[in-house]
Every structure is written in structure tokens, then in C-alpha cells.
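Just below is one structure, and these are the notes that go with it.
2 protein chains.
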Amino acid sequence: FLASHFTIQAQDPLPSWNDGPAKQAILKFVETTTTQGSPDFVPPEDRIATFDNDGTLWVEQPLYTQLTFALDRVKALAPEHPEWKEEQPYKAIIDGDLKELIAGGKHALAAIIATTHAGMTSSDFEKITTDWITTAKHPRFHQLYTDCVYVPQLELLTYLREKGFKTFIVSGGGIEFMRPWTQRVYGIAPPQVVGSSIVTEFQMKDGMPVLMRLPKLNFVDDKAGKPVGIGQHIGQRPILAFGNSSGDKEMLQYATGGDGARLGLLVYHNDPEREYAYGPAGGLPDSKIGTFPQDLMDEAKQNGWIVVGMKNDWKRIFSFDE
Amino acid sequence: FLASHFTIQAQDPLPSWNDGPAKQAILKFVETTTTQGSPDFVPPEDRIATFDNDGTLWVEQPLYTQLTFALDRVKALAPEHPEWKEEQPYKAIIDGDLKELIAGGKHALAAIIATTHAGMTSSDFEKITTDWITTAKHPRFHQLYTDCVYVPQLELLTYLREKGFKTFIVSGGGIEFMRPWTQRVYGIAPPQVVGSSIVTEFQMKDGMPVLMRLPKLNFVDDKAGKPVGIGQHIGQRPILAFGNSSGDKEMLQYATGGDGARLGLLVYHNDPEREYAYGPAGGLPDSKIGTFPQDLMDEAKQNGWIVVGMKNDWKRIFSFDE
Ligand SMILES: [Ca+2]
Ligand SMILES: [Ca+2]
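Okay, here's the thing in C-alpha cells:
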């Protein structure tokens, strides 16, 4: 039994993927780009693969994890700020009034970020993030957020690295919110995480050199910002890019717009039983979070990007699925 | 003979370094941080080493290489710009009037950068840079600039990587000026290069997705900018940092200001015969390029940073030295 199990594992690097066009496209792409003598062979130093995070590697519904973190932080800090009981957007958060919070728009979001993500050193923020991410649980799955990651994608990351690829995260989320745990969860080291950021400043604090986080936006790694972030951090055009929403369109255009073999992929959340279903592409419910509009679906068809339907393409989604 | 030669090589990872306090400090630091069970042991994922480039890994006199590149580009483009014969700073460059050029100050520099480093795609700039760097020669050594790199430092980079360190460049120079050749010359891949940058924009050009270089400064990776660049790109505090001028002070403060074993190093150019001599620290001639002031020397002493004197610490400097 052990021997035959081992053989199956060795033969199939993606056991949580159902057989189908998506899995076949991935296997074929990796084979043609990594087999010496293949016309599409890519030398190891150019095997760059970029992955969006929210909705591509882990759950993003019912709320982006980082936003849940920020709201939890406001609640945790509230006792030190009695004035928040009368002040928006804090009042809305304390009252659990999401409608009022959303009405606050960009101004509310900037205030929340300034309050919860700035005014401390990078290493203090790392401690705060680590404390939260190792205890907070997803409201539906009742598991740590870092366990709400997609097993098929973990297999894909491992498979790509075994084949000489460098794997990067390129997320609209905060770069310093992700870095404390990406090595442990995805096998992706901090320097290979690209994301949005606020301004940091080098300071001497009590005689110790620190990076202080300032309440000022530095870079938004979303939409047309994703190729720019890739240019800044990686300096090479990826040959594979994986996303799940309109925020990834430009990254996929950039990655698949180069010479030679290229692969663009999109997760399509069409599995309300095991995860969530949202689009609005293909008639699924619309969502402000991780929007996958019909024109992205059309562009995927036109460009040969692979749409990975959770329901049909993934045999297993989470490690806690039985 | 082969056997004994092999033994010597295996025993000395830094054959171009003279025996002395600098070499001993490096060997001891690497041993204590990489030996399992040592009180100063650092796990491989935290072994981050950052190196300045100009004057630390390659020659920076009589002029920063990138500035020579920019001046050469102006001269190459001059035939298409007859108006430059009457327009500063171009006239000064065409006339070879360095004094007049320097008088133009920051304004002149910004104009040169806009003309020579912007207005093309990242991949076009890569071609221009590669063409130049593979043909242009140093005025004194008559060798390619990429051969004017310090052999002791190449040995150190290799040694650190063999011991599980990740090696990064953290340079005030342009990130995209370095990336096309750092893998070949230093064994440092593009994502592990941190540097100054101009703004890039994602554009569709003739239906192809490109990153366009705009004539606008994005980030200056010098002085207090170096720890900030390290925070953005690496997201980890280095345990070893190597520089050569006042532009590296904050990087060394940041690297050596953390817990556990730390090593800060500075190249001191005191070898006019084999390379150059400039300070003004220690009474050497002053230089606007790669300034090593006395207060940096004093701070090095105070913080236990190792000052590596080229003349005494390096047995061999260039591969073309006999
Ligand atoms: Ca996403
Ligand atoms: Ca330097």
C-alpha cells in the first residue's frame, strides 16, 4: 500500500486537482517550459510565477481578512479611546454597523488604516499581526485564517518550486500584513512578497534604529499597480500569473504579453457549498469583494487564460475538509 | 598537488583576503551564525546580507559608472538633437566641460536622467544598458566596468551564499541599471537588487503590455533611504551589511542595531597604486564621490564596524591583476 501510494504521489504533483482542462494546461505548461530541448524551454532564472493572495490563495469572503484584522484592532483599542463612542468611523465599528462604516467610504478606510496600521515600528506591527493571525478564526469555517488556504494552490506552489520556479505573492493587501506568515503557510519568504504599503521612515527610537510606520499611503499594488509592483520588486516579467478578480487583469496581461510560453489563470468562485459563489460573471451573485466581472471572463476567453472553477477543478479545497 | 590545492581551497573560502582582523572577523561571524548549537546561531531564513554596490563591489572612481553611462548616452543621442549645442547641461557634456556640468547641480542631473533614463520601456532600457555595459571600458583600467569588480567581494558573496545567506545589493544607483548584469557578475538575481528608481507606468504600447519609464523620481535608496528600501524589498533586518561611504551609515546602523550577532563592514579606499585613495577620513584626499568622512570612521570604531582597508586587507583586487 505504501509503495503504491508513493507511486501515485510521485506521478501526480497536484492530487487535489480534478483531471480536466485546467490541470492539464498547468501540467503541460510546466513540462514544456522546464524540459531541456523543448522549444518553449525557459531557463530557471526566468521561471517567475506570481500569485494574487485574497481569493486566489486564501478565502476573502465575507470580508477581506486584513479588513477584519483592522476592525478587530479598533475594537481592541477602543477602551483606550472613549471618544470613539461618538466619532466615526470608530462608532460604526464598535456598534457593528457595517452599513454606516461603508457609508464612510475612502475617508473612513484611511482613518482605520492610520489608527490600526501606522504609528508603530515595523517590528511592533509584526508582533500585532502575528498575535492576531495565530488566534483569530474565520466566522464560517471556525478555523484560523491561515488554515483557510486552498490546498490545490499549496500543491501548485510546491510543484512550481520543485520545477525551479520562483514563486511570488503580488497582492493588493498590505505587504507587512502578509510577510510575518507567508513563509510558514505558503513557503514564500518575505522578500518574495509584493503588496500595498504605507510610508516608513528610518528613525532612532530610544537609541535603537527602527522603521516607523507613518499614516501615509506609499503604494497601491492593485490593477495597473500590480505590473508596476512586479517591475519594482522582481524586475522580471512573470511567465505565469494567477489571480481571481478584476484587480489582477493587468498582471495577467503583463505576464502573458511576453514572448514564448505564458500561462494566465483565474480562480472562479462557483462553489457555495464548500466555499463561496460570486462573480457577477456567469450569472453568479455580484460582490464588492473580489469582483469577477463578465468582461474579465470575456478577456480570459480571448487571451487563452485558464478559468479555474473551484467546484469542478478542485477535488479538495481546505485541509480541514474531510 | 591537486589534492593539496583542493585542501587549501576548502580551508580558505577567502583566498584574496590577507590574514588580519577583517578576514578573521568575517570568518568568525559566519561560523558563529551558521553553526548549529552556537549561541549566536541564526536560522537560514534570517541570514540576510546587504551590499552597497558603487565603491563596495566595483570601482566608483573617477566617476560613478552610471553617470558615465548617462554622459555617454547624451553624446550618443546628440546627433538627433542639434539644439543641445546651445542648451545646458547638454552643451557642457558634449564639450566635455565637467566644471560647467557640475555647476548645473541637481537641475542638470534631473535633466540628464530624464533624457537618458526615461521615455522608453523597461525592456528597451535593459537593452540600452546591456549594450553599453558589455562594451564601455574604464578609463584607467581599460577593462569592462563589470570586470572592475573586487575579487575579494566576489569570494565573500559566494562564501555567504554557500553558508545559507541570501545576498542583496542595496545601492544608491538605479535599480534597473544594475539588474541586467548582477546575476552574471555577482550571482545576485534581479529580485535581490534594491536601488533608486524612477516612476514606471503600465501601458499598452502597440497592443503590447509594457512598463513605461517616466521622468519622475520614485525612490532614492541612499542614506536613511537604505533601511527604508530594505524594509520595502526584503522585509527583514539584515544581519550583515557592507558599505563604503556616508550613504551607507544608516544601513549599517539598521543592520547592526538588531538582536544577536551582527556584522557591519566598510571598504576604505586607501590604495592609490592598485585602485584609488579617498576619504577624507584618515587624511586621504576628499572626494565628492563615495565620501568616507572622519565621523563615519569614528562611528565605525564606536559601533565595532570593521573597516576593510584595500591596501592591507586585500591580497588581490581585480581579476585582471597579475
Ligand atoms: Ca484577489
Ligand atoms: Ca558606495
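If you're matching them up, the sequences are chains U and E in order. Quick note on numbering: the first sequence equals residues -5 to 316 in my numbering. Quick note on numbering: the second sequence equals residues -5 to 316 in my numbering. For glycine and all other residues, C-beta sits at the position ideal for the given N, C-alpha and C. What you are looking at is a predicted structure, and each value in this text was computed from that prediction instead of being measured.
Asked: Under 8 Å between C-beta atoms of K52 of chain E and Y144 of chain E; Found: Correcting the residue type first, residue 52 of chain E is Trp in the shown sequence and not Lys. Cβ distance < 8 Å, so W52 of chain E and Y144 of chain E count as in contact.
Asked: For ligand 2, residues whose Cβ lies under 7 Å from any non-hydrogen atom; Found: E:D46, E:N47, E:D48, E:G49, E:T50, E:E54, E:G166, E:G237, E:N238, E:S239, E:G241, E:D242, E:G284
Asked: Chain U within 8 Å of P9 of chain E, Cβ atoms only; Found: no
Asked: Length of the line joining the Cα atoms of E81 of chain U and R155 of chain E; Found: 53 Å
Asked: Whole-Å CB distance - L257 of chain E paired with A294 of chain E, under 8 Å assumed; Found: Actually they are not in contact, since the Cβ atoms of L257 of chain E and A294 of chain E sit about 12 Å apart, beyond 8 Å.
Asked: Contact set between F236 of chain U and chain A, taken where Cβ atoms lie within less than 9 Å; Found: No chain A appears in this structure, whose protein chains are U and E.
Asked: Backbone secondary structure at P279 of chain U - three-state DSSP; Found: coil
Asked: Contact residues within the stretch 214 to 248 of chain U, judged by C-beta distance below 7 Å to chain E; Found: A218, P221, V222, G225, Q226, H227, I228, G229, Q230, E244, Q247, Y248
Asked: L(-4) of chain E versus Y153 of chain U: straight-line alpha-carbon distance, rounded; Found: Because L(-4) of chain E sits at a pLDDT of 48, beneath the cut-off of 50, its placement in the model cannot be relied upon, and the point is left open.
Asked: Cross-chain neighbours of T194 of chain E in chain U, by beta carbon under 8 Å; Found: V222, G225, Q226
Asked: Nearest-angstrom Cβ-Cβ length linking K69 of chain E and I96 of chain E, presumed shorter than 8 Å; Found: Not a contact, Cβ separation roughly 17 Å.
Asked: Min CB distance I352 of chain U to chain E below 8 Å; Found: Absent from the model: residue 352 of chain U. The displayed extent of chain U is -5 to 316, so no value can be given.
Asked: Three or more C-beta pairs below 8 Å linking the stretch 230 to 240 of chain U and the stretch 38 to 53 of chain U; Found: yes
Asked: For E195 of chain E, the nearest candidate out of U:Y248, U:N264, U:K100 (CA to CA); Found: U:Y248
Asked: Any beta strand (DSSP E) of 3 or more consecutive residues that is wholly inside the stretch 228 to 302 of chain U; Found: 234 to 237, 257 to 262
Asked: Proximal residues of chain U, C-beta to C-beta of V187 of chain E below 8 Å; Found: G229
Asked: Cα-Cα separation, F286 of chain E to Y262 of chain E; Found: 8 Å
Asked: As assigned by DSSP and simplified to three states, the class of L51 of chain E; Found: coil
Asked: Close-in-space but distant-in-sequence residues of the same chain around T110 of chain E (CB under 8 Å, 5 per side omitted); Found: F63, A64, R67, V68, L71
Asked: Contact with chain U by P203 of chain E, beta-carbon distance below 8 Å; Found: yes
Asked: Cut-off 8 Å between Cβ atoms - residues of its own chain near H(-1) of chain U, not counting five sequence neighbours on either side; Found: Bear in mind that the predicted position of H(-1) of chain U carries a pLDDT of just 48, short of 50, making it too unreliable to give a figure here.
Asked: Beta carbon proximity, S116 of chain U to chain E, threshold 8 Å; Found: yes
Asked: Residue from E:V214, E:A102, E:V204 whose Cα sits closest to the Cα of I192 of chain E; Found: E:V214
Asked: Test: E80 of chain U CB closer than 8 Å to a CB of chain E; Found: no
Asked: Secondary structure of T161 of chain U, DSSP reduced to three states; Found: strand
Asked: Proximity below 8 Å, CB of Q288 of chain E to CB of E39 of chain U; Found: no
Asked: Interface residues of chain U facing A183 of chain E [CB-CB closer than 7 Å]; Found: E39
Asked: Those residues which DSSP pairs with M206 of chain E across a bridge; Found: E:T115, E:E195
Asked: Stretch pair the stretch 199 to 218 of chain E + the stretch 198 to 205 of chain U: three plus CB contacts closer than 8 Å; Found: no
Asked: Alpha carbon of M291 of chain E to alpha carbon of G113 of chain U, nearest angstrom; Found: 33 Å
Asked: Contacts of P170 of chain E in chain U (Cβ-Cβ under 9 Å); Found: With the sequence shown as reference, residue 170 of chain E is identified as Glu, and Pro is not the correct amino acid for it. Here the neighbours are G225, G229.
Asked: Continuous beta strand (DSSP E) stretch holding F45 of chain U: start and end; Found: 42 to 45
Asked: V179 of chain E vs T140 of chain E beta-carbon contact at 8 Å; Found: yes
Asked: From E:Q30, E:K210, E:V36, E:T50, residue whose alpha carbon lies closest to that of V302 of chain E; Found: E:T50
Asked: Given L119 of chain U as reference, the closest of U:Q296, U:K22, U:I283, U:M206 once Cα atoms are compared; Found: For the record, residue 119 of chain U in the displayed sequence is Phe; it is not Leu. Checking every option, the nearest Cα to that of F119 of chain U belongs to U:M206.
Asked: Cβ-based burial, G225 of chain E [other Cβ within 10 Å; buried from 16]; Found: buried
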